[in-house]
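**Q** Quick one: this structure, given as structure tokens, is what I'll be asking you about.
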């Protein structure tokens, strides 16, 4: 990740986790992977969202994440510890289709101006330069839920058009997402270590909505392969509070994810 | 039921149960209701088909029917006693759709010349003279499996055209079943207390294939509302053996179903 | 592509469906309430789906309370209907009944009440095949607008429905298919052996269609023999059949399925079911109304009903 | 009606499918056999579906034996693929791989073997969304030729498949839908905690897609930590997840998922997985082949493999 925001006070992953946690209101149901979204969710649960519920694609509903015992994957029994229910992946993903999930979190190797995410192929998929691990539940989340993309802010990742759309955002912008058949969901935010984007309500292009503390817009632009919308009303993110950081560090005392 | 076959040696339901049991070869999977088919299946298991498997629409796979403890219904826990697996009705019926079931057994209030069965409405369904209990799984069995219909041999039940097709046989005869969309299954036999019918391979009309011991063809025709095919090669059913009757009576010592 | 042809009455637009779900507080919160308050949330005109099957794990207390509260114009669906259907019809609660089979049970024969209502056109009666009803709930539970199936074709059943059923030829195989529209009840009534206060429900024995019904419905009212601690649920999460987030009300009702059975807790109270059958055998619908006055409207509460039929409540 | 357009490769005609099922002896009979005999029934060119998920309840012994028996031209499907996929590819067993994700696990990063095979066009690789693969198995398990769904549209994924996917507009709601063709494996490999000799299988913890895979497949090869008496199954039939009639071979293989985990029996052997990762990190495909020679081809039997990696077999 870029090192722009690694101040003395907090690391990049701490910043991302705090930014994630702030979108998680009490009572929401989120679909997450391990790592930053899980840290954010666990922080939110401890801080002000005790009834927030986490789903994992392995088939897990409402696990109880204990400080110091963060799970290493979304698809094994450690992740299922003290869950409320275990389902097949098919059925837990069908909850997205039924509309049970308020926010899904995904990542990927590339993201483009319309929030489409690639986690499949770099280069032409018929003769790729790199075959990546793939969608997993990413396509399902992006197709069926309001989605937040967590992405390191790097030029090679923020490309005008992704090589391959694994997890569709707003596809070709405008109304194209719905025209492709995706009548629900869409990219809610893209959270990076430098800023937060949302998508312009008409064009559906990425639009800077907040800069993280100490970040200049030039740093955002210098580390992207395309120019996002830059509206007049960009705010500065509230910096992580001492309370947030203290709880977060308690959740991951061995710094498994808090690099 | 007609009393023609109630000889000294066996009752009507004993005869029906024995006739049922003889179609159940070892290793088959049958979908049955309680009553005659269950008696027949249990007899077959004891006699020469130890690995015969029974499914009930309540969601039950391979129950273990103990002599003297016959279940009263297909949809409660008594029926599930010592089963190998319990499923939802949806899933156990889907086994029919997947092709897991060799023979399904159904009954009903009326049957017609093409083996269509009515268990829904007597009279016009928009203003019926009698509303019957309905399909239950009957339509599913008849649509998806080779089906054997067990029916008391009575004029009011054997009608040229049923008032309402709940469980389709060969619909309007000939190729009409497949043309309606039912590409698998069909009526294998109709077993009554007087005779056995199969369906003519071309016309698909009921055709007498066997007369039970002591039954004349006139008795068959006198107790039907239409004239079935009467081929030259009608056989006489082998009468129930002492061994069959002895085992059968041991299975239902309180004569719960052996009226 | 098949053109947009017609909306089935029970298949709301996908976005409206999602909006209804999103409007619920689905978080991990205490949902325990009383039977009367839980049932009071059911609105006249709602579609109420009933869990269990015939006389097994019927949410009997919940149905009993619906009749007492004189709900009107309900659509009621249940895969196989027993006595509770008589009470809902005779209680004048139902405009439309959807089921695959309707009788108190094989041993008691035809329902006199159901015959009276259907034969005299007093209720819209939809008969579905058993699997079809299950698949309609399942489609809804999975968030898809229909389930393709190979049943009900060639029969008269589609002609006797209000719902106009669509068919298609499979674009992959050419197979003829009947498309069962997703069935979204407004409320599911489910009775289980145990649940926690959040609504995580575990049941034993025959599962019936309860899990699909719960996920298909807009709201779930859960009655449970016993409320257990959430820790117990979390010790065996692979036994949870309905997740808390689908549930809106949890009511502890010992013997909540009586006089029907609840696997592992009690067998069917056959004698008590015989008693009701005697009322209708003698006087048909009038007999049912007599029974209902004595057993549904006059008892002070559910425990008084249990005492009346001779079943001892634990609570 | 949608016209008959084209047959997907993995959707055989319904009657042929039923005939394959009818030809099996599905009765309640002893199906216990040895690992090598069970795997010997797999034919070159078969479609083999693998149960479990990533490194949880993987039928590892069964896959290990497939590689040893040098099966060829397989189609392999698994919802999420870990090390077993490396071995099948590097063992030259696979013509086509269907999965939603392929990596030994997050902590070990990209699979060097998979990259080598896909980037050099040595395997036909189909990437499906996780739910899509699950729904394709489910459609097959339910005996329907496709499952309608709301995913994979708007993405590039359908363009990168051999299978041509069909879409339609729902005749009830007008919703755009993608139709996932039913996926019928020839053989399903499933590993469970316990099963009886007839093949009734019970498993704990995460269920993954195993039940759907088993019912979707023509044949099921079951490995189990322990063979239990049929009486134990019949005492808790509501815990049976796969019925005997779907199963063709039962093999008792203690530690049959090692070095992956088997809930309640053993945790993942992370160190042993690190060992393999070291081989490929150093030498890519050649490293994998070195590892396979030492760990798959050289050991006398499965217990020798377990001893080699330092896991003590019970048997």
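Chains as they are written, first to last, in the working numbering: chain B, 1 to 259; chain R, 1 to 259; chain P, 1 to 315; chain D, 1 to 315.
Ideal placement from N, C-alpha and C gives every residue a C-beta, glycine not left out.
Can you tell which of 311/P, 292/P, 181/P and 69/P has the C-alpha that lies nearest to the C-alpha of residue 216/P?
**A** Looking at the Cα atoms, 181/P is the closest of the given residues.
**Q** Taking Cβ positions only, does residue 173/P come closer than 7 Å to chain D?
**A** Cβ-Cβ to chain D under 7 Å: yes for residue 173/P.
**Q** So who's on the other strand from residue 168/D, going by DSSP bridges?
**A** Note: residue 168/D sits in a beta bridge opposite 177/D.
**Q** Is it buried or exposed, residue 14/P, if we count other Cβ atoms within 10 angstroms and call 16 or more buried?
**A** By the neighbour-count rule (16 or more Cβ atoms within 10 Å), residue 14/P is buried.
**Q** List the DSSP bridge partners of residue 105/B.
**A** Note: residue 105/B sits in a beta bridge opposite 148/B.
**Q** From residue 134/P to residue 79/D, what distance separates their C-alpha atoms?
**A** In a straight line, the C-alpha of residue 134/P is about 26 Å away from that of residue 79/D.
**Q** Does the distance from the CB of residue 36/R to the CB of residue 16/R come in under 7 Å?
**A** Yes. Within cutoff.
**Q** Could you name the residues of the same chain whose beta carbon sits closer than 6 Å to that of residue 53/B, not counting the 5 residues immediately before and after it, in chain order?
**A** Taken in chain order, the residues that qualify are 29 and 62.
**Q** Can you say whether residue 201/R is buried or exposed, counting buried as having 16 or more other CB atoms within 10 angstroms of its CB?
**A** Counting Cβ neighbours within 10 Å, residue 201/R comes out exposed, since fewer than 16 surround it.
**Q** Sort out for me which residues DSSP pairs residue 147/P with in a bridge.
**A** Residue 147/P is bridged to 180/P.
**Q** In terms of residues, what are the limits of the beta strand (DSSP E) holding residue 217/R?
**A** Run containing residue 217/R: none in the beta strand (DSSP E); it sits in the alpha helix (DSSP H), 217-222.
**Q** Apart from the five residues just before and just after residue 273/B, which ones in its own chain have a Cβ nearer than 8 Å to its Cβ?
**A** This structure cannot speak to residue 273/B, because chain B is shown only from 1 to 259.
**Q** Pick out the complete beta strand (DSSP E) segments inside the region 6-92 of chain R, 3 residues or longer, and give them in chain order.
**A** Fully enclosed beta strand (DSSP E) runs of 3 or longer: 29-31 and 53-56.
**Q** Can you grab the Cα-Cα spacing for the pair residue 212/P / residue 90/B, in whole Å?
**A** Near 14 Å, if we compare the C-alpha coordinates of residue 90/B and residue 212/P.
**Q** For the alpha helix (DSSP H) holding residue 49/D, just list the boundary residues, first then last.
**A** Where residue 49/D is concerned, there is no enclosing alpha helix (DSSP H), although the beta strand (DSSP E) it sits in stretches over 47-50.
**Q** Which residue comes first and which comes last in the alpha helix (DSSP H) that contains residue 250/B?
**A** Residue 250/B -> alpha helix (DSSP H) spans 242-251.
**Q** Quick check for students: name the residue ranges of the beta strand (DSSP E) that lie wholly in the region 41-98 of chain D, counting only runs of 3 or more.
**A** Those beta strand (DSSP E) runs which fall completely within the region 41-98 of chain D and span 3+ residues are 47-50 and 74-78.
**Q** Please confirm whether any heavy atom of the ligand MN lies closer than 6 Å to the CB of residue 26/B.
**A** Ligands are entirely absent from the displayed structure, and the ligand MN is therefore not among its contents.
**Q** Give the DSSP-derived three-state secondary structure of residue 162/D in the structure shown.
**A** Of the three classes helix, strand and coil, the one that applies to residue 162/D here is coil, per DSSP.
**Q** Between the region 191-205 of chain D and chain R, which residues of the former have a C-beta closer than 9 Å to a C-beta of the latter?
**A** Result list: 196, 198 and 200.
**Q** Does the beta carbon of residue 265/D come closer than 7 Å to any beta carbon on chain P?
**A** Chain P, which has no Cβ nearer than 7 Å to the Cβ of residue 265/D, makes this no.
**Q** Less than 7 Å between CB atoms is the rule here; does residue 25/P satisfy it with respect to chain B?
**A** At least one chain B Cβ lies under 7 Å of residue 25/P.
**Q** Does the Cβ-Cβ distance between residue 228/B and residue 194/B come in under 7 Å?
**A** Not closer than 7 Å, so no.
**Q** Is the beta carbon of residue 38/D less than 7 Å from the beta carbon of residue 253/D?
**A** No, the pair does not count as a contact, with Cβ atoms beyond the cut-off.
**Q** Closest Cβ-Cβ distance between residue 51/R and chain D: below 7 Å?
**A** Chain D, which has a Cβ nearer than 7 Å to the Cβ of residue 51/R, makes this yes.
**Q** Beta-carbon of residue 143/P versus every beta-carbon of chain B: anything under 7 Å?
**A** Residue 143/P counts as touching chain B.
**Q** So, at 6 Å on beta carbons, what are the nonlocal neighbours of residue 97/R in its own chain, with the 5 sequence-adjacent residues on each side left out?
**A** Correct list, in chain order: 144.
**Q** Alpha carbon to alpha carbon, how far is residue 232/R from residue 208/R?
**A** The alpha-carbon atoms of residue 232/R and residue 208/R are separated by roughly 10 Å.
**Q** Taking the alpha-carbon of residue 110/P as reference, which of 151/P, 198/P and 285/P has the nearest alpha-carbon?
**A** Closest by alpha carbon: 285/P.
**Q** Beta-carbon within less than 6 Å of residue 183/D's beta-carbon, same chain only, minus the 5 sequence neighbours each way: which residues are those?
**A** Closer than 6 Å at the Cβ level, and outside the excluded window around residue 183/D, lie 10, 136, 137 and 140.
**Q** Return the bridge partner residues of residue 191/P from the DSSP annotation.
**A** For residue 191/P, which the question treats as bridged, DSSP gives the partners 223/P.
**Q** Comparing C-alpha positions only, which one of 85/R, 171/R and 246/R sits nearest to residue 187/R?
**A** Ranking 85/R, 171/R and 246/R by Cα distance to residue 187/R puts 171/R first.
**Q** Pull up the DSSP beta-bridge partners for residue 126/D, would you.
**A** BP columns for residue 126/D point to 98/D.
**Q** Tell me whether residue 202/P sits in a helix, a strand or coil according to DSSP, three-state version.
**A** If DSSP states are grouped into helix, strand and coil, residue 202/P belongs with the strands.
**Q** Residues of chain R with CB under 7 Å from residue 242/P, in chain order?
**A** Those do not exist, as residue 242/P stays about 13 Å from chain R at its closest Cβ, beyond 7 Å.
**Q** List, in order along the chain, the chain D residues whose C-beta lies closer than 7 Å to that of residue 166/P?
**A** Per Cβ cutoff of 7 Å: 171 and 172.
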